[in-house]
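Numbering (the working numbering), first residue to last: -16 to 132.
Notes follow the structure.
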């Protein structure tokens, strides 16, 4: 997939900047303004992606010409069952409709396929995923019961 001029794909193995990841996810999930960048918040972000089964090569960002990450896709590969799991995916609202999120997901899927993945799952039925070939295989309901105090 071709990116707009000046944009490039990178991974956290190549370019690991937790502040850029934090900002991309903050903006991509429609939070207002700029995120707080405390040491604790950046450490939480690092812990989210540096889990035992995580691989920084599969954490794909789209870097804008200004150096900021403007789209992000976290991918996890499960070798025992040969599947990829897509989570999270976010694109800064100022950069949507340019194909950046899709490019990040497809690059992550390509890398997982090279490792042996035969299928990719995502826990969403958003039209974004349907637009490039994901299919809904099931839906679920979540029930809650609040205990009386």
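Even glycine gets a Cβ: it sits at the ideal position worked out from N, Cα and C.
All figures in this text were calculated on a predicted structure; none of them were measured in a lab.
As assigned by DSSP and simplified to three states, the class of residue i
| i | result |
| --- | --- |
| residue 125 | coil |
| residue 42 | strand |
| residue 50 | coil |
| residue 91 | helix |
| residue 119 | coil |
| residue 84 | helix |
| residue 12 | coil |
| residue 103 | strand |
| residue -16 | coil |
| residue 61 | strand |
Separation of residue j from residue i, as counted between CA atoms
| i | j | result |
| --- | --- | --- |
| residue 62 | residue 52 | 28 Å |
| residue 40 | residue 55 | 13 Å |
| residue 74 | residue 42 | 14 Å |
| residue 4 | residue 36 | 19 Å |
| residue 77 | residue 0 | 20 Å |
| residue 31 | residue -6 | 15 Å |
| residue 97 | residue 115 | 19 Å |
| residue 107 | residue 124 | 13 Å |
Cβ-Cβ distance between residue i and residue j below 7 Å
| i | j | result |
| --- | --- | --- |
| residue 104 | residue 60 | no |
| residue 65 | residue 34 | no |
| residue 72 | residue 82 | no |
| residue 50 | residue 70 | no |
| residue -8 | residue 90 | yes |
| residue 45 | residue 87 | yes |
| residue -10 | residue 47 | yes |
Beta strand (DSSP E) segment containing residue i, residue limits
| i | result |
| --- | --- |
| residue -8 | -9 to -6 |
| residue 132 | No beta strand (DSSP E) contains residue 132, which DSSP labels as neither H nor E. |
| residue 67 | 66 to 74 |
The alpha helix (DSSP H) enclosing residue i, as first and last residue numbers
| i | result |
| --- | --- |
| residue 110 | 110 to 113 |
| residue 29 | 22 to 32 |
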